[in-house]
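Visitor:
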Amino acid sequence: MKLLDRIERHLKESHMSATRFGRRAVGDPRFVLDLRAGRRPRRRTIEKVENYLNADKSL
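Positions 1 to 59 (UniProt numbering) are the ones given, in order, by the sequence shown.
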């Protein structure tokens, strides 16, 4: 599953805004909006997002 798809699913399931997710996961409130517009994140940023998603899932 693509990163953006995982994020979109998380947003829907958690009722979280895209800006809040970006701020919490990587410190960038525009992160999800930029991904939707075609931004390609760096490997380290992808790792941060995956760590955030995995940690949030375990709560």
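Every residue gets a Cβ at the ideal spot worked out from N, C-alpha and C, and that includes glycine.
Predicted model only: the values in this text are computed from it and were never measured.
#1: So Ile46 and Leu3 are in contact, right, with Cβ under 8 Å, and what is the actual spacing, rounded?
#2: Kindly list the residues whose CB is nearer than 6 Å to the CB of His15, restricted to its own chain and excluding five residues on each side of it in sequence; keep chain order.
#3: What whole-angstrom Cβ distance do Arg6 and Leu53 have, given they're in contact under 8 Å?
#4: Can you give me the Cβ contacts of Leu33 inside the same chain, cut-off strictly under 8 Å, excluding the 5 residues immediately before and after it?
Guide: Let's see:
#1: 6 Å
#2: none
#3: 6 Å
#4: Ala18, Thr19, Gly22
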